[in-house]
Amino acid sequence: MVHELQANMPSIIQQLAADALSHLAASSDQNQAVIAAAGAIPPLVQLLASASTEYVRATAVGVLRQLTCNHPENQATIIADGAIPALEHLLTSDSPDVREAAAGALSELGAGP
3 MVHELQANMP SIIQQLAADA LSHLAASSDQ NQAVIAAAGA IPPLVQLLAS ASTEYVRATA
63 VGVLRQLTCN HPENQATIIA DGAIPALEHL LTSDSPDVRE AAAGALSELG AGP
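Dropping the structure here:
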């Protein structure tokens with residue numbers, strides 16, 4: 003599923019993969035760890051800037067936010083992969099959903115473990 007997040011994939015495939023990861027990440031802390039271990043964080047961070055639709059971008063932000071909850075290792079990885087500047091930029095998005103998701107993700111990252 004991580005492969006489907008890559009920038010060269012059609013946006014509908016990215017959308018379906020991000021939606022699936024969002025549901026999995028929301029269902030358990032163990033899933034959050036598995037998603038991160040599978041290498042999903044770097045392509046999710048890349049989607050913050052490269053996604054072709056606002057829905058994909060908002061979903062990617064939501065997955066990243068879920069991956070930060072109670073996971074200091076995930077928080078460190080997300081920060082190291084450059085999410086902070088990308089999330090800050092999304093605070094100026096035309097989409098209220100993207101702005102809200104970005105603010106929530108930044109809040110989670112700022113809250114720490």
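Residues are numbered in the working numbering as their position in the sequence shown, beginning at 1, plus a constant of 2.
Using N, Cα and C, we set each Cβ at its ideal position, and we do this for glycine too.
- If only complete runs of 4 or more residues are kept, the stretch 10 to 44 shows the alpha helix (DSSP H) at 13 to 29 and 31 to 39, in order along the chain.
- Closest by C-alpha distance to ILE15, out of THR61, ALA82 and SER97, is THR61.
- Restricting attention to LEU23, LEU111 and LEU49, the CA atom closest to the CA of CYS71 is found in LEU111.
- At a Cβ-Cβ threshold of 7 Å, ALA107 and LEU66 count as neighbours.
- Restricting attention to PRO74, ASP31, SER109 and GLU6, the CA atom closest to the CA of GLN48 is found in GLU6.
- Note that the C-beta distance between SER54 and ALA9 is not below 7 Å.
- DSSP, read as helix, strand or coil, puts HIS73 in coil.
- Sequence-distant partners of VAL100 (beyond 5 residues in either direction) whose C-beta falls short of 8 Å from its own C-beta, in its chain, are GLU56, ARG59, ALA60, VAL63 and LEU92.
- Between ILE43 and THR94, the gap from beta carbon to beta carbon reaches 7 Å or more.
- Comparing alpha-carbon positions, the option among PRO87, ALA88, GLN32 and SER97 lying closest to GLU75 turns out to be GLN32.
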